[in-house]
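Trainee:
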Ligand SMILES: Nc1ncnc2c1ncn2[C@@H]1O[C@H](COP(=O)(O)OP(=O)(O)O)[C@@H](O)[C@H]1O
Ligand SMILES: [Mg+2]
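Numbering (the working numbering), first residue to last: 34 to 404.
1) With a 10 Å radius around its C-beta and 16 neighbouring C-beta atoms as the bar for buried, classify residue 173 as buried or exposed.
2) For the beta strand (DSSP E) containing residue 161, list its first residue and its last residue.
3) For residue 160, count neighbouring C-beta atoms within 10 Å of its own C-beta (all shown protein chains included) and say buried if the count is 16 or more, exposed if not.
4) Which one or two residues does DSSP pair with residue 100 in a beta bridge?
5) With a CB to CB cut of under 8 Å and the five nearest residues on each side skipped, what residues in its chain are close to residue 291?
6) Determine whether the beta carbon atoms of residue 347 and residue 368 lie at a separation below 9 Å.
7) By the 10 Å Cβ neighbour count, where 16 or more other Cβ atoms means buried, how is residue 270 classified, buried or exposed?
8) Find out if the Cβ-Cβ distance for the pair residue 357, residue 315 is shorter than 9 Å.
9) Mapping the DSSP letters down to three states, classify residue 388 as helix, strand or coil.
10) Take every Cβ of the region 270-289, pair it with every Cβ of the region 310-330, and state whether three or more of those distances are shorter than 8 Å.
11) In chain order, what residues of the same chain lie with their CB nearer than 7 Å to the CB of residue 170, ignoring the 5 residues before and after it?
12) For a test of your reading of the model: does the CB of residue 244 fall under 8 Å from any non-hydrogen atom of ligand 1? Yes or no.
13) So the alpha helix (DSSP H) residue 141 belongs to, where does it begin and stop?
14) Could you tell me which whole alpha helix (DSSP H) segments of length 4 or greater appear in the region 305-350?
15) Measuring from the CB of residue 123, is there a heavy atom of ligand 1 at a distance below 8 Å?
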C-alpha cells in the first residue's frame with residue numbers, strides 16, 4: 034500500500050555491511066537447511082548507538098498454507114517503546130516468537146541489539162526478556178518463590194536471587210502479596226509478576242505480547258505505569274497490542290500490522306491524524322431529528338457528520354471546545370441531547386481507514402494478495 038507512512042524504513046546498508054546470503058543455523062527447531070556457521074560480528078565493530086535494539090528485514094513466515102508474515106520490516110530504537118498494533122491473527126505473536134528465537138523465519142532476517150536471531154540465538158537470549166498474554170508464572174508457588182526461582186535459573190545465586198526478587202516485588206507493588214500463592218492473585222497481579230519475572234536478569238530488550246489483553250482498566254493502567262517506569266530506566270520495549278489506546282499511551286512509535294504486512298508506521302499522533310482525528314458522538318432525545326442535527330453541526334465538523342446506530346457522529350479537527358460548541362448549536366436549533374462525548378479513533382477506525390476493511394476475525398481467509 035504505497036503512500037502510507039513508512040517513516041523508518043531501513044533500506045540502507047546494514048551497519049555490519051552484511052549483504053551475504055542468509056544462512057540458517059539450527060537450534061533444534063524446524064526444518065534443517067544450511068549448517069554453515071554464522072559469522073560473529075568482530076570486536077572492532079561498534080554496536081553502540083547506531084545499531085537499533087530490534088531490526089527486521091523482509092521477515093516471512095508461513096504455517097502450512099497460512100502466510101503469517103509476508104515481509105515485515107521493523108526498526109525499534111534503543112530506549113524506546115515500540116507498539117506492534119494489529120487485530121487477532123495479524124502476525125504479532127509470530128513476529129515476537131521469531132524475535133525471541135522461539136521460531137525460525139522462513140525468509141528475511143532479524144537482529145536484536147545487533148545479534149542475528151538465527152545465527153546468534155544464544156546471544157540474543159542473553160539480551161531479552163519475554164512476557165505475554167498468558168502469564169508463565171507457577172500458580173503453586175508464591176510470588177517471591179517464583180521470582181527467586183527465575184533468579185536461580187539465571188545462576189544469580191541464592192542471595193542475589195532473593196534480593197532481586199524482593200526488589201522486583203517492591204517495584205511492581207507486590208510486596209504485600211509476596212508470600213501468597215500465585216493462584217490467589219488477580220489477573221493484573223499475575224501479569225505484573227510475569228513482567229517482573231521477565232526482568233530478573235535485567236534484559237536490555239523486553240518483548241511484551243499483548244501484556245494487558247483481558248485485564249480490567251485499573252490493572253491495565255498499573256501495568257502501563259510499570260512499563261513506562263522500565264523504559265525510563267533504559268529498557269527497550271517492543272509490545273504487541275490490539276488496542277490503539279494502549280499503543281497511544283505507551284508507544285513512541287507504532288507499526289500497524291494486518292495479515293502479515295506492516296500497513297502503516299509512525300508516531301501515534303501521525304496515525305491518528307491519518308485516520309481523521311477525533312469524533313463527537315451525540316445521541317438525541319428525539320432520534321427522528323438526526324438530519325436536523327447534522328445540518329446544525331456541519332459547520333463545526335472537519336468532515337461531513339453522519340448518522341449511525343442512532344448516534345450523530347461528527348468528525349472534528351480540534352477536541353477543545355467542541356462539546357460546548359455542539360451543545361450550543363443544537364440548543365439554538367431546539368434539539369435536545371441525551372448523551373454527548375468525544376471519541377478518539379479506535380483500532381477499527383485505523384483499520385477501516387488504512388485497509389478499507391474492518392479488522393477481521395481470525396477465521397477470515399488468510400491468503401489475501403499484498404495490497
Ligand atoms: N502454530 C500455528 N499453526 C498454524 N497457523 C498458525 C499458528 N500460529 C499462528 N497461526 C496463524 O498465523 C496467523 C498469525 O498468527 P499470530 O502471529 O498468532 O497473530 P496475532 O498474534 O497477531 O494474533 C493467524 O492466521 C494464525 O491463525
Ligand atoms: Mg498473538
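Cβ atoms here follow ideal geometry from the backbone N, Cα and C, with glycine treated the same way. Predicted, not measured: the structure shown is a model, and the values here were computed from it.
Mentor: Reading off the structure:
1) Burial call: exposed.
2) Counting along the chain, residue 161 sits inside the beta strand (DSSP E) bounded by residues 161-164.
3) The residue is buried, with at least 16 neighbouring Cβ atoms inside 10 Å.
4) According to DSSP, residue 100 bridges with 95.
5) For residue 291, where only same-chain residues beyond five positions count, the Cβ hits under 8 Å are 119, 120, 123, 384, 387, 388 and 392.
6) Not in contact: residue 347 and residue 368 (Cβ atoms no closer than 9 Å).
7) With at least 16 other beta carbons inside 10 angstroms of its own, residue 270 counts as buried.
8) Contact check for residue 357 against residue 315 fails: the beta carbons are separated by 9 Å or more.
9) Helix, per DSSP.
10) With contact defined as three or more Cβ pairs closer than 8 Å, the region 270-289 and the region 310-330 are not in contact.
11) Closer than 7 Å at the Cβ level, and outside the excluded window around residue 170, lie 179, 215, 223, 226, 227 and 230.
12) Taken from the Cβ of residue 244, every heavy atom of ligand 1 lies 8 Å or farther away.
13) Residue 141 -> not in any alpha helix (DSSP H); beta strand (DSSP E) instead, spanning 140-145.
14) DSSP runs (the alpha helix (DSSP H)) wholly in the region 305-350: 323-330.
15) Short note on residue 123: C-beta closer than 8 Å to some heavy atom of ligand 1.
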